[in-house]
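Visitor: For reference, each letter of the sequence shown is one residue, going -23 to -1, 1 to 193 in mature numbering (1 follows the signal peptide of the UniProt record, and there is no 0).
C-beta: ideal position from N, C-alpha, C; glycine also.
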Amino acid sequence: MRSIPIFALLLLCLVFGCSQPNAQKKTPRAQASYEKADKMDEQEFWKIIDHSYSVAGDNKQKQDDIITQKLSAYTPEQIIEFEVIFRKKVIEADDYKVMAAAKIIDGVVTDDPYLYFRFWLIGLGEKTFKEALKNPDYLADVVDSGVEPDFESLLYVSTKAYMKKTGRQKEDESFPRDVAYEKGLDYDFGAPPTKGKDWKTEDLSKLYPKLWEKFN
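#1: Could I get the ranges of all uninterrupted alpha helix (DSSP H) runs contained in the region 20 to 101, with 4 residues as the minimum, in chain order?
#2: Whole angstroms is fine: what's the gap from Tyr30's alpha carbon to Ser130's?
#3: Determine, using beta-carbon pairs with one atom in the region 85 to 93 and one in the region 124 to 143, whether at least three such pairs fall under 8 Å.
#4: Just checking my contact of Tyr185 with Ala78 at CB under 8 Å: how many whole Å lie between their CB atoms?
#5: Give the range of the alpha helix (DSSP H) segment to which Thr143 is assigned.
#6: Check whether the region 159 to 170 touches the region 55 to 64, taking contact to mean three or more Cβ pairs, one atom from each stretch, closer than 8 Å.
#7: If we count the other Cβ atoms within 10 Å of its Cβ and call it buried at 16 or more, is Pro169 buried or exposed?
#8: Please state whether DSSP places Lys107 in a helix, a strand or coil.
#9: Take Asp165 as the anchor and find which of Gly102, Trp189 and Ile68 has the nearest alpha-carbon.
#10: How should Ala117 be labelled, buried or exposed, when 16 other C-beta atoms within 10 angstroms of its C-beta is the threshold for buried?
#11: Alpha helix (DSSP H) containing Leu181: first to last residue?
#12: Within 10 angstroms of its Cβ, does Thr105 collect 16 or more other Cβ (buried), or is it exposed?
#13: Is DSSP giving Phe187 helix, strand or coil here?
#14: Thinking C-alpha only, which one of Asp89, Asp18, Trp189 and Thr178 is nearest Leu132?
#15: Please go through the same chain and pick out, in chain order, the residues whose beta-carbon is closer than 8 Å to the beta-carbon of Ala7, but skip the five residues on each side of it.
#16: What is the rounded straight-line gap between the Cα of Glu12 and the Cα of Ser182?
#17: So Pro170 is in the alpha helix (DSSP H); what residue range does that whole segment cover?
#18: Taking 8 Å as the cut-off, decide whether the C-beta atoms of Asp83 and Gly173 are in contact.
#19: For Ile57 and Ile81, I'd like the C-alpha separation in whole angstroms.
#20: Does DSSP classify Ala157 as helix, strand or coil?
#21: Between the Cα of Thr143 and those of Ala9, Ile44, Ile43 and Pro53, spot the shortest distance and give me the residue it belongs to.
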């Protein structure tokens, strides 16, 4: 059998393309549209989050910058409302199902990591947030196995945007986080009880098999 010259193989690769049989090409993330509205509500909140994630992906610093920049174009009152909605979402995500996902993906569910996990979940956008709350196994299809499930800096975007908008650099009770806290939106020590049904670590592989298989 005659061997095929190397230059011929290279030519075939150029014409038809060479790839490994099992290689999977990652589908580029479509950029979510964004056009500022004259109000801040849940739809506007998710519009900002979705747009920032579609542009930044897993680059949390870039996503933080985009959110802060977009948010600073709103009125101070609207920036406060963004913080109010954000806190409501953090509290909404305090569910034993979400805690199970944090345990599987991150390996720990102590106070701060679990809180920052919920921030990260919000940062993934509206669809992923809502689907993950219904069934954490959904995350197995949309996040990479090497992901760092932490978006601590999302805690400060409303403060930074408020400072940028007002020119004020010293926080007081008029700032977004303080106003939201006074409305009873405490996601930390004064948070409502965790929703749902508690679980045992040994049961997680059966409860969320797709997520368990991907991260273990």
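Guide: By the coordinates alone:
#1: 37 to 48, 53 to 69, 73 to 83 and 88 to 100
#2: 14 Å
#3: yes
#4: 7 Å
#5: Val134 to Thr143
#6: yes
#7: exposed
#8: helix
#9: Ile68
#10: buried
#11: Leu181 to Leu184
#12: buried
#13: The displayed chain sequence assigns Lys, not Phe, to residue 187. It is helical.
#14: Asp89
#15: Ser31
#16: 42 Å
#17: Note, Pro170: premise wrong, no alpha helix (DSSP H); not H, not E.
#18: no
#19: 34 Å
#20: helix
#21: Pro53
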